[in-house]
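Participant: Numbering (my numbering), first residue to last: 12 to 345.
Following this message is one structure expressed as structure tokens.
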């Protein structure tokens, strides 16, 4: 994956939308209902209020970005996870459940009408959470003769089983996968995400986690988790190559023409977000609204963008980039 990043002009443009794809899929596992278009169009439309579902996805992105930043100064630890959880859950549904603080109540997993005796899974009581988290933290940071991916798989199960918070446990556990791999040096850039794999068959994901608790069959869990790593590694490589090919095609279409420098600069920004307003273009190009509109309309005339007049302000959309990001990996429409 690092190799693909090195062959792409400004790979960080591609990392940004892939993080949003992961945020959407991880949030969908918890029942959030929105699309990539909803997320990108919100970010492109400055000042618009997001729906509750979009806000949850945006918070996930912010939590990931905060976690990557905190890794420069903090180890994987209770303090670290609390800070990321606070960013994840503040201002969204569940914000009343003390974001960034360990739960104080006994919880159990099942339907709303399920009693604790009928629950599918009962996490440990709150008075054990600090000791269990201390063990998790020690395991995360202890130098062990164990492949980092195996350690990551065990850590993901453990934090899900501890269920440390009143809400947001699934999302924080999936955030920790990529953050641990960055902390361990396995990833130099945040490109490997497993939520697409988990989301394709949510019930199996839940069943595999529960099976470890019920039977202690770690080998089965590792096979499941590492299969996901392999599949998603192949997926992100193909997705990055597809985006790179689109970028090169855009350059061939535009290069050498009148005003090509501004057009190419603007086109690259559509890989970070395939939606853009005239105002957004004027900020990227540092030119007047009228000048930015001319550049955008030139790209429409070249067949590289379309205008969505149903939105306000109108949005210019790079459909080929959006299609490459949606892909066919997940069983549901992105």
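Note that the Cβ used here is the ideal one computed from N, Cα and C, for glycine as well.
If we count the other Cβ atoms within 10 Å of its Cβ and call it buried at 16 or more, is residue 239 buried or exposed?
Facilitator: Residue 239 is buried by the Cβ-count criterion.
Participant: Going by alpha carbons, who is nearest to residue 114 out of 104, 178, 74 and 143?
Facilitator: Residue 178 is the option with its Cα nearest to residue 114.
Participant: Going by alpha carbons, who is nearest to residue 76 out of 96, 337 and 105?
Facilitator: With distances taken between Cα atoms, residue 76 lies closest to 96.
Participant: Could you tell me if residue 145 is buried or exposed, where buried requires 16 or more neighbouring beta carbons within 10 angstroms of its beta carbon?
Facilitator: Residue 145 should be labelled exposed.
Participant: Are the region 130-147 and the region 56-75 touching, with three or more C-beta to C-beta distances below 8 Å?
Facilitator: Cβ pair count under 8 Å is below three, so no.
Participant: Run the CB neighbour count on residue 2, radius 10 Å, all protein chains shown included, and call it buried at 16 or more, exposed below.
Facilitator: Since the first residue of the chain shown is 12 and the last is 345, residue 2 is not available in this structure.
Participant: Beta carbon of residue 273, beta carbon of residue 40: below 8 Å?
Facilitator: No. Outside cutoff.
Participant: Around the C-beta of residue 331, are 16 or more other C-beta atoms found within 10 angstroms, so that it is buried, or is it exposed?
Facilitator: So residue 331 counts as buried.
Participant: On the DSSP bridge list, what partners appear for residue 187?
Facilitator: Answer is none; residue 187 lacks a bridge partner.
Participant: For residue 252 and residue 136, what's the separation of their Cα atoms in angstroms?
Facilitator: Roughly 47 Å separates the two Cα atoms.
Participant: To the nearest angstrom, how far is it from the Cα of residue 116 to the Cα of residue 321?
Facilitator: Using only the alpha carbons, I get a separation of about 47 Å.
Participant: Look up residue 166 in the DSSP assignment and give the residues it is bridged to.
Facilitator: Partner(s): none; residue 166 has no beta bridge.
Participant: Just to confirm the assignment, what range does the beta strand (DSSP E) spanning residue 319 have?
Facilitator: Taken as a continuous stretch (DSSP letters only), the beta strand (DSSP E) holding residue 319 covers 317-319.
Participant: In this structure, what does DSSP give as the bridge partners for residue 132?
Facilitator: BP columns for residue 132 point to 120.
Participant: Under three-state DSSP, which class holds residue 157?
Facilitator: Of the three classes helix, strand and coil, the one that applies to residue 157 here is coil, per DSSP.
Participant: Between residue 342 and the rest of its own chain, which residues show a CB-CB distance below 7 Å, the 5 nearest in sequence each way excluded?
Facilitator: Any reading at residue 342 is ruled out, since the residue's pLDDT is 43, under 50, leaving its predicted position unreliable.
Participant: Which whole-angstrom value is the C-beta distance of residue 172 and residue 134, which I expect to be below 8 Å?
Facilitator: Contact flag correct, Cβ pair sits at about 7 Å.
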